[in-house]
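The opening residue of the sequence shown carries number 1 in full-length UniProt numbering; numbering runs sequentially from there.
Please read the structure below before turning to the comments.
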Amino acid sequence: MSRFINEQDYFHGKSECTGILLVNLGTPDAPDKASLRRYLKEFLSDPRVVEIPRIIWNVILHGIILNTRPAKSAAKYKTVWTENGSPLMHISEQQQQALQKEMEIRFEGPVKVALAMRYGNPAIPDTLLKLKEAGARRVLILPLYPQYCAATNATTFDKVFDELKRWRWMPELRLVNHYHDHPGYIKALANSVLAHWEKQPRGQLLVMSFHGIPKRNLMLGDPYHCECHKTARLLAEELNLKPNEWRVTFQSRFGKAEWLQPYTDKTMQALPGEGIKNVDVVCPGFAADCLETLEEIREENREYFQHAGGENYHYIPALNDNIEHIKALADIIQQHTQGWAETTPGWSTTTQQRRAEKTLQRATDKGAKQ
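Below is the structure:
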């Protein structure tokens with residue numbers, strides 16, 4: 001028996017397409033303790049997520065964290081769960097559907113846009129196999145993390161590579177490393193902020209909160225911190241903000257080690273003391289709203305701010321399936337798939353004609369032999 005995944009019912013001239021794999025972090029299957037334990041076990045077992053010697057970390061993970069954190073996390077997930085299930089999953093599915101329609105308009109040939117989660121379901125290996133079954137001989141991997149980080153983008157690529165090592169016939173592969181400074185992405189962010197300000201009075205300060213990582217990762221060469229600041233600077237420039245009208249912070253720290261600062265929660269507790277009683281908060285690193293934006297930023301940090309004397313606190317939603325966001329992602333896909341067959345003008349005519357000619361030639365040859 002072969003150790004590789006082989007081609008089933010292969011024949012020359014088989015229909016092909018370009019595959020686009022969208023990947024986000026993931027979500028538990030349900031807001032309950034058992035589901036959270038499975039999800040957290042997979043997530044926190046990733047050596048790129050937690051860079052602690054495995055022997056030490058496994059004792060902490062299995063002896064403490066997986067026995068205490070699932071119940072607490074499940075309670076938080078219940079506060080954001082909707083009739084459509086996980087907000088992250090529902091929004092990601094809307095993004096996938098919208099991008100499928102957009103790419104069918106932009107590509108000359110067939111294209112298949114698929115969605116996977118790095119942790120949980122739908123899993124990357126399963127989704128890659130579905131793209132394979134659809135005839136994807138060229139696959140673009142698009143992690144929905146604008147700013148590159150080893151704990152997000154790189155681990156996505158790890159999982160893709162691990163799966164493709166099992167295939168006999170690997171597809172042509174391209175990766176989107178990051179898009180933190182893409183003009184369409186920055187413009188979409190700016191317009192979402194402006195749209196919010198048309199509905200709500202503008203605050204004294206726009207806080208741009210990004211997911212945190214340990215400071216040690218920055219010192220070891222991870223570019224995430226720099227890319228977050230570049231995104232923030234470009235967004236501030238697009239909005240014509242003065243230096244004292246915006247600020248970068250980092251959220252969601254875990255453990256006792258120092259993480260990127262300033263911390264979002266500590267900032268919210270301090271702002272009223274600085275005379276800032278009205279703030280707007282946006283999370284430019286999140287392509288879709290999830291637990292970290294809906295529970296931690298929209299609710300938890302609002303409490304910190306108001307308890308400290310703040311008055312008006314407004315969370316500006318993630319870009320989600322906003323049409324400008326979808327078009328920006330489509331621009332990124334087009335940029336990274338240049339030269340592939342299905343993106344080439346005239347593909348439909350030339351390819352179909354070529355296949356028809358081959359079919360006719362085979363029939364002619366067969367008739368001649370008879």
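All residues carry an ideal CB built from backbone N, CA and C; glycine is no exception.
Quiz item: For V50 versus R118, is the C-beta distance shorter than 8 angstroms?
Solution: no
Quiz item: Between the Cα of R38 and the Cα atoms of A287, N67 and F250, which residue gives the shortest distance?
Solution: N67
Quiz prompt | First and last residue of the uninterrupted alpha helix (DSSP H) at P160 | solution = For clarity, residue 160 is Val in the given sequence; the question names Pro instead. Taken as a continuous stretch (DSSP letters only), the alpha helix (DSSP H) holding V160 covers T155 to L164.
Self-check item: Buried versus exposed, by CB contacts within 10 Å (16 or more), E83
Solution: exposed
Self-check item: C-beta atoms of I20 and M103 nearer than 8 angstroms
Solution: yes
Quiz item: Once you ignore the five residues that flank L234 on each side, which residues in its own chain have a CB closer than 7 angstroms to its CB?
Solution: D181 and I186
Quiz item: Which of helix, strand or coil does DSSP assign to C17?
Solution: strand
Practice problem: Pair every Cβ in the stretch 325 to 336 with every Cβ in the stretch 221 to 229, then say whether three or more of these pairs are closer than 8 angstroms. | Solution: At 8 angstroms Cβ cutoff, the stretches do not touch.
Quiz prompt | Supposed contact pair Q306 and Y313 - C-beta distance, whole angstroms, cut 8 angstroms | solution = 6 angstroms
Quiz item: Expressed to the nearest angstrom, what Euclidean distance is found between the alpha-carbon atoms of L140 and E299?
Solution: Each residue's alpha carbon lies about 36 angstroms from the other.
Quiz item: Do three or more CB pairs link the stretch 23 to 33 to the stretch 136 to 151 at distances below 8 angstroms?
Solution: yes
Self-check item: Which of helix, strand or coil DSSP assigns to D265
Solution: Here D265 sits in helix by DSSP.
Practice problem: Sort F210, T264 and K277 by Cα distance to P284 and report the nearest one. | Solution: F210
Quiz item: Unbroken beta strand (DSSP E) runs of length 3 or more, entirely within the stretch 308 to 340: which are they?
Solution: 312 to 316
Quiz item: Mapping DSSP to helix, strand and coil, what is V139?
Solution: strand
Quiz item: In the DSSP assignment, what residue or residues form a beta bridge with T82?
Solution: G85
Quiz prompt | Cβ neighbours of A288 in the same chain (closer than 6 angstroms, five flanking residues each side left out) | solution = Hits under 6 angstroms: L88, I91, S92, A318 and N320.
Quiz item: With a Cβ-Cβ cutoff of 8 angstroms, do M208 and A190 count as a contact?
Solution: no
Quiz item: By DSSP, does P214 sit in helix, in strand, or in coil?
Solution: strand
Self-check item: Residues near C228 in its chain [Cβ-Cβ closer than 6 angstroms; skip 5 each side]
Solution: Q147 and F210
Practice problem: Can you tell me the Cβ-Cβ gap for E172 and E342, rounded? I've got them flagged as a contact below 8 angstroms. | Solution: Rounded, the Cβ-Cβ distance is 12 angstroms, inconsistent with contact.
Practice problem: Consult DSSP for A134 and reduce its assignment to one of helix, strand or coil. | Solution: coil
Exercise. Helix, strand or coil for S209, going by three-state DSSP, please let me know.
Key: strand
Quiz item: What is the residue span of the alpha helix (DSSP H) that G184 lies within?
Solution: Looking at the DSSP string, the run of the alpha helix (DSSP H) that includes G184 is P183 to K199.
Exercise. Determine the DSSP secondary structure at T27, reduced to helix, strand or coil.
Key: T27: strand per DSSP, three-state reduction.
Practice problem: Could you tell me which of E296, S192, P345 and L329 sits nearest to Q96, measuring between CA atoms? | Solution: L329
Quiz item: What residue does the alpha helix (DSSP H) around W167 start on, and which one ends it?
Solution: Looking at the DSSP string, W167 is not in any alpha helix (DSSP H), and its letter there is neither H nor E.
Quiz prompt | Neighbourhood of A257 by C-beta distance below 8 angstroms, restricted to the same chain and skipping five residues each side | solution = P214, K215 and R216
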